[in-house]
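Chemist: In my numbering, the protein residues as written are 1261 to 1766. Glycine included, C-beta positions come from ideal geometry on N, C-alpha and C.
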RNA sequence: CGGGACGUGGCUCAGCCUGGUAGAGCACAGCGUUCGGGACGCUGGGGUCGCAGGUUCAAAUCCUGCCGUCCCGACCA
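Structure, rendered in structure tokens:
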């Protein structure tokens, strides 16, 4: 056999990153592509992750006073037309419903019939229809702030799709708030971005940069868009969440007015913010290795899998009893407020079983055989460590340590990802080294290259466009934590006070 | 939406050039031997060869159209 260690996923990240991603999604049984163009089927192992994420995000929203509601999937075209920039941004990727029934055609096939008087679009986002409701709900400053969120599916008819990262239909939450003052709306925009930063860093163990989007990258119809940006293992940036200060644009479009304390009619200020199932793609690309996914414990579909070693019939019952007892004890332990999620996999299918769980990325695997029972022990493996570091520990030690172990995995994943980002983030002050940074050695089959480049930018969209056209590199964000320093724009040399983050992006 | 590649059991693919009624490996099911182990043997199930037309006595194979997937670009959470 070859010297090279065999990996569960082929090709490896290094060999072909996009293909590796596809294979990981498949091998981990998180999702698959559906018969419907551009849409995905999220399988239980992937959906469980979304559920645990959703539950925790929802709690965080509610802690800030947000309430959930649900608005229609269909939006009248006339609603979309109300905000000019908004139309511009979304019109070309809308699914449109034009008929309301099917009839048998001449060839026996079903054909659309019953044309709608006004076509409906399937929501690409819900600012307009929620704005319409807000205009009726809000009369007085006493109705404000209005803090609403909905968990929903949306459709954006994408040309090129990728499971979890960009599909025609995806799941997300969209928060929509209305405020009496500009400052309060801006504060809310920041507050929710901070929630997203915590979601990414504390739950998903994905370090993110927070900042403002440039004019070219902001949400259609927004005054400003703030974002969290993460670095994937191919050194490309992933926009993982956005929070928009909408100014009075949508209030104007939908007629959201209120009577102020001074008895004057005023136009309201609104925000919107969202994260989607794209986060799952980000998780895979941040933590995955050549053996599959690695799930951060805080969001993992399951935390621990127990793998009883069933060899001889006369021993099996004792092994299963010991296993079930351990499962019961584990499920009584709380991990960050929720009971540990434990799987028992008693299939007698040899090493394949172990590898399936490695590919799925479950944080902790525990093998239990007759020898372990004899010594009152378990044989434990951590997904974030090398398989050779698996070790035998007593059952009591395991039970008392498991929370610490999971927290340690969580911490390890975050620190690993942070170190990767740091080592691939550089300052640039001249164009030739900037160009070299973003130019692959092999142009035919580009190797993994680039990263985050912090460079000065004059603020002009011409410079931004020039760079984008030449290198396919965009301004990911104007970071909040960037320090003020005198410099000159990397493209045009005009004065600049701050560095922005450039990168290739998903 | 432009350029490229591809579509044959669940998966990876051979067969297509030189038409003659479908193959392998893996996976799956059963039995047995192994096994703290991605094991081995035997037996078995499963495919209208992406879809629709056309050419032909005969099409996975030739022709046309459509659909889908992946990669690269434009666009995007």
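For residue 1642, write down the residues that DSSP places opposite it in a beta bridge.
Modeler: According to DSSP, residue 1642 bridges with 1624.
Chemist: Nearest to residue 1657 by CA position, among 1586, 1351 and 1377, is which residue?
Modeler: For the residues 1586, 1351 and 1377, the minimum Cα distance to residue 1657 belongs to 1586.
Chemist: Could you please give the first and the last residue of the uninterrupted alpha helix (DSSP H) stretch that includes residue 1300?
Modeler: It is not in any alpha helix (DSSP H) - residue 1300 instead sits in the beta strand (DSSP E) that spans 1300-1302.
Chemist: Who are residue 1504's beta bridge partners in DSSP?
Modeler: Per DSSP, 1485 and 1532.
Chemist: Could you give the distance in angstroms between the alpha-carbon of residue 1323 and the alpha-carbon of residue 1612?
Modeler: Their Cα atoms are separated by approximately 44 angstroms.
Chemist: Compute the distance between the beta-carbons of residue 1335 and residue 1388, then report whether it is under 9 angstroms.
Modeler: Contact flag set, yes.
Chemist: Where do the ends of the beta strand (DSSP E) carrying residue 1737 lie?
Modeler: Its beta strand (DSSP E) spans residues 1734-1739.
Chemist: What does DSSP give as the partner residues of residue 1748 in its beta bridges?
Modeler: DSSP output for residue 1748 lists 1755 as bridge partner(s).
Chemist: To which residues of the same chain is residue 1716 closer than 7 angstroms at the C-beta, ignoring the five residues directly before and after it?
Modeler: Closer than 7 angstroms at Cβ, skipping near neighbours: 1747, 1748, 1749, 1750, 1756 and 1759.
Chemist: For residue 1482, which of 1436, 1459 and 1702 has the nearest alpha-carbon?
Modeler: Ranking 1436, 1459 and 1702 by Cα distance to residue 1482 puts 1436 first.
Chemist: Output the residue ranges of the beta strand (DSSP E) runs that lie fully inside the segment 1358-1392 and measure 3 residues or longer, sorted by chain position.
Modeler: Counting only runs of 3 or more, we get 1370-1382.
Chemist: Report the three-state DSSP secondary structure of residue 1346 (helix, strand or coil).
Modeler: The answer is helix: DSSP assigns residue 1346 an H, G or I state.
Chemist: Among 1532, 1559 and 1711, whose alpha-carbon lies nearest the alpha-carbon of residue 1410?
Modeler: Nearest of 1532, 1559 and 1711 to residue 1410, Cα basis: 1532.
Chemist: Runs of 3 residues minimum, wholly inside the segment 1635-1717: which ones carry the beta strand (DSSP E) assignment?
Modeler: Here the runs fully enclosed are 1637-1642, 1651-1654, 1685-1688 and 1712-1716.
Chemist: In the DSSP assignment, what residue or residues form a beta bridge with residue 1400?
Modeler: According to DSSP, residue 1400 bridges with 1519.
Chemist: I need the boundaries of the alpha helix (DSSP H) containing residue 1727, first residue and last residue.
Modeler: Run containing residue 1727: 1721-1731, per the alpha helix (DSSP H) assignment.
Chemist: From residue 1263 to residue 1415, what does the alpha carbon distance come to, in whole angstroms?
Modeler: Annotation note: pLDDT 31 at residue 1263 (below 50); position unreliable, coordinate value reported separately. The straight-line gap from Cα to Cα measures roughly 47 angstroms.
Chemist: Does residue 1608 come out as helix, strand or coil in the three-state DSSP assignment?
Modeler: Three-state DSSP puts residue 1608 in coil, outside helix and strand.
Chemist: Check residue 1289 in the structure and name its three-state DSSP category.
Modeler: Residue 1289 falls in the coil class under three-state DSSP.
Chemist: Who are the near neighbours of residue 1771 in its chain, counting only those whose CB is closer than 7 angstroms to its CB and skipping five residues on each side?
Modeler: Outside the modelled stretch of the chain, which goes from 1261 to 1766, sits residue 1771, for which no answer is possible.
Chemist: How far does the beta strand (DSSP E) with residue 1439 in it extend, from its first residue to its last?
Modeler: Where residue 1439 is concerned, the enclosing beta strand (DSSP E) stretches over 1429-1439.
Chemist: Express the C-alpha separation of residue 1432 and residue 1358 in angstroms, rounding to a whole number.
Modeler: Straight-line Cα distance between these residues: approximately 25 angstroms.
Chemist: Mapping the DSSP letters down to three states, classify residue 1459 as helix, strand or coil.
Modeler: Residue state, collapsed to three classes: helix.
Chemist: Just mark residue 1536 as buried or exposed, buried being the case when its beta carbon has 16 or more other beta carbons within 10 Å.
Modeler: Classification for residue 1536: buried.
Chemist: Alpha carbons only, please: which of 1386, 1282 and 1559 is nearest the one belonging to residue 1343?
Modeler: Checking every option, the nearest Cα to that of residue 1343 belongs to 1386.
Chemist: How long is the line joining the alpha carbons of residue 1543 and residue 1392, rounded to whole angstroms?
Modeler: If I take the Cα positions, the gap works out to 36 angstroms.
Chemist: List the residues that DSSP assigns as beta-bridge partners of residue 1410.
Modeler: Paired residues: 1434.
Chemist: Which residues mark the beginning and the end of the beta strand (DSSP E) in which residue 1470 is found?
Modeler: Where residue 1470 is concerned, the enclosing beta strand (DSSP E) stretches over 1469-1472.
Chemist: Between the Cα of residue 1345 and the Cα atoms of 1382, 1428, 1480 and 1313, which residue gives the shortest distance?
Modeler: For the residues 1382, 1428, 1480 and 1313, the minimum Cα distance to residue 1345 belongs to 1480.
Chemist: For residue 1495, does the count of other Cβ atoms within 10 angstroms reach 16, so buried, or fall short, so exposed?
Modeler: Buried, by the Cβ-count rule.
Chemist: Where does residue 1371 land, buried or exposed, given buried means 16+ other C-beta within 10 angstroms?
Modeler: That one is exposed.
Chemist: When you compare the segment 1562-1573 with the segment 1513-1527, are there three or more beta-carbon pairs, one atom per stretch, that lie closer than 8 angstroms?
Modeler: Too few Cβ pairs lie closer than 8 angstroms, so no.
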